[in-house]
Structure formats: structure tokens, C-alpha cells
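Q: Sharing a structure below in C-alpha cells format, with a few things to ask.
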Amino acid sequence: MIPGAALTKGRLLVATPPLEDPNFDRTVIYVLEHHHDGALGVVLNRPTDEPLDEPLDRWADLQAEPQTVFEGGPVEPDALIALALANQPLIEPTEELSPVSGRVVSADLATDPAFVAGAVSMVRVFRGYAGWGPGQLDGEIEMGAWLVLDAESDDVFAPTPRDLWRTVLRRQGGRLAWLAAAPDDLSAN
Numbered sequence: 000m001i002p003g004a005a006l007t008k009g010r011l012l013v014a015t016p017p018l019e020d021p022n023f024d025r026t027v028i029y030v031l032e033h034h035h036d037g038a039l040g041v042v043l044n045r046p047t048d049e050p051l052d053e054p055l056d057r058w059a060d061l062q063a064e065p066q067t068v069f070e071g072g073p074v075e076p077d078a079l080i081a082l083a084l085a086n087q088p089l090i091e092p093t094e095e096l097s098p099v100s101g102r103v104v105s106a107d108l109a110t111d112p113a114f115v116a117g118a119v120s121m122v123r124v125f126r127g128y129a130g131w132g133p134g135q136l137d138g139e140i141e142m143g144a145w146l147v148l149d150a151e152s153d154d155v156f157a158p159t160p161r162d163l164w165r166t167v168l169r170r171q172g173g174r175l176a177w178l179a180a181a182p183d184d185l186s187a188n
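Under numbering that gives the first Met the number 0, the sequence shown has 116 at position 117, and the numbering climbs by one with no breaks.
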């Protein structure tokens with residue numbers, strides 16, 4: 000765990016078991032923003048069965064597998080957020096794309112995907128997001144509810160997102176890798 004708000008943007012929040020809020024049990028969250036006003040991220044490991052409907056279905060050709068909308072979090076469940084994997088890091092925002100971290104960018108879904116198809120290799124769409132008020136996430140990290148770990152660009156677009164919690168923990172090595180083997184029901188241990 001690495002404390003400090005500036006260090007979480009573009010990183011992963013990995014829920015420690017058992018996180019009492021069912022919205023976040025065994026989640027992996029990609030942090031999009033974290034500053035003095037609060038924090039915002041999207042849950043990476045909760046795909047739904049919801050396809051992209053019109054007019055957003057035009058993005059389907061760029062959608063990463065599984066081609067579905069993801070449950071991004073409990074805040075503003077009608078809001079859609081699109082993240083894309085840019086072919087190269089984006090330094091300055093454009094009308095269509097804004098840098099998040101490394102090659103991960105946010106994409107404006109109101110844009111015709113043809114305008115970004117040459118600049119990105121895949122897109123993932125999230126319904127809703129996870130949000131924290133000023134100092135709230137910092138407090139949760141200090142209490143041990145979240146591990147702050149480095150993200151790999153493949154994490155955001157993982158083809159088997161339901162396995163991501165264990166995958167991220169396993170690659171840490173040492174004691175954190177042991178946590179990946181924790182049973183879903185800790186009382187059964």
C-alpha cells in the first residue's frame with residue numbers, strides 16, 4: 000500500500016477481503032482521478048450481459064473482449080465512461096481522447112469512432128463509476144480496505160475480467176500473492 004493521493008491516479012485499487020461494502024467486494028478499480036476534491040475510478044472486473052445499444056453500437060468493432068458494458072461502480076449508473084488503449088501515449092487531450100495514464104485514455108462516446116480508430120486499438124465501456132469525497136479514499140487506504148498497486152495497460156482491457164482480482168494479486172509475489180488464494184467465504188477457511 001502506498002499512501003498519498005497523487006500516487007493513485009492510473010493505478011489499481013484492489014479490495015482486501017472482506018471489504019464490507021458488497022459494491023466493492025473483490026473488486027479491482029482503475030483510478031481515473033484523485034485529488035483534494037475526491038477520487039473517481041471504474042471497476043474493471045464486473046462485466047454485465049448488456050451489449051452496446053444504438054447509437055453506441057457503432058463502437059462495437061473497437062470493443063475489447065468480452066464485448067459488453069461493464070458495471071463501473073454504484074455512482075451515476077446511467078453515466079457511461081469509455082476507456083481506450085492508445086497506440087502510443089497521449090500527452091495532450093484532443094476533442095475525442097483525453098490522457099489518463101500511459102497508453103490508457105478516455106474516449107468521448109459522442110464522437111464518431113472512425114475519428115479515433117487509427118489512434119486506439121481497443122475500447123471498454125463502463126456504466127457508472129466508483130467515487131469518493133475529499134479524503135475518503137485516503138482514509139480507506141490507511142484503514143487497509145484497499146491495496147494500491149501498479150496497473151498494467153492489459154488490466155483495463157483484460158479478456159477474462161472476472162479473474163482479474165486474483166491475477167493482479169498473484170503477480171505481486173510474496174505475501175500478497177498468497178491473498179489471491181483466499182476463499183470467497185473467509186469463514187470456510
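For every residue, glycine included, the Cβ atom is placed at its ideal position computed from N, Cα and C.
1) Quick test of the definition: if touching needs 3 or more C-beta pairs under 8 Å, does the region 163–174 touch the region 111–120?
2) Rounded to whole angstroms, what's the CA-CA distance from Glu-74 to Gly-37? Just pull it up for me.
3) How about Gly-40 and Phe-125: are their beta carbons less than 7 Å apart?
4) DSSP three-state call for Gln-66: helix, strand or coil?
5) Measure the Cβ-Cβ separation of Leu-148 and Leu-51 and say whether it is below 7 Å.
6) Using only the alpha-carbon positions, how far apart do Asp-120 and His-35 sit?
7) Just to confirm the assignment: which complete beta strand (DSSP E) runs, minimum length 3, are found wholly within the region 11–92?
8) Measure the alpha-carbon distance for Asn-44 versus Trp-145 and round it to whole angstroms.
9) Quick one: residues in its chain with C-beta nearer than 6 Å to the C-beta of Val-68, no 5 flanking neighbours on either side, listed in chain order?
10) Could you tell me if Arg-174 is buried or exposed, where buried requires 16 or more neighbouring beta carbons within 10 angstroms of its beta carbon?
11) Measuring alpha carbon to alpha carbon, tell me which residue in Ser-100, Met-142 and Leu-79 is nearest Ser-152.
12) With a 10 Å radius around its C-beta and 16 neighbouring C-beta atoms as the bar for buried, classify Glu-95 as buried or exposed.
13) Would a check of beta-carbon distances place Glu-95 closer than 7 Å to chain B?
14) Whole beta strand (DSSP E) runs in the region 107–148 with 3 or more residues, listed along the chain?
15) Check this for me: beta carbons of Leu-79 and Leu-108, under 7 Å apart or not?
16) So, with DSSP's three-state summary, where would you put Pro-98?
17) Return the residue from the list Arg-102, Ile-28 and Ala-129 that minimises the CA-CA distance to Asn-86.
18) Can you give the beta carbon distance from Leu-155 to Tyr-29, rounded, assuming they're within the 8 Å contact cut?
A: Working from what's here:
1) no
2) Looking at the sequence itself, residue 74 is Val, so the reference to Glu does not match. Straight-line Cα distance between these residues: approximately 13 Å.
3) no
4) coil
5) no
6) Contrary to the premise, residue 120 reads as Ser rather than Asp in this sequence. So the two alpha carbons sit approximately 33 Å from each other.
7) 11–14, 27–34, 37–42 and 74–85
8) 15 Å
9) Thr-47, Glu-49, Val-124 and Arg-126
10) exposed
11) Ser-100
12) buried
13) Going by chain labels, chain B is absent from the structure shown, which holds only one protein chain.
14) 119–131 and 145–148
15) yes
16) strand
17) Arg-102
18) Per the sequence presented here, residue 155 reads as Val, with Leu not at that position. Confirmed, about 6 Å.
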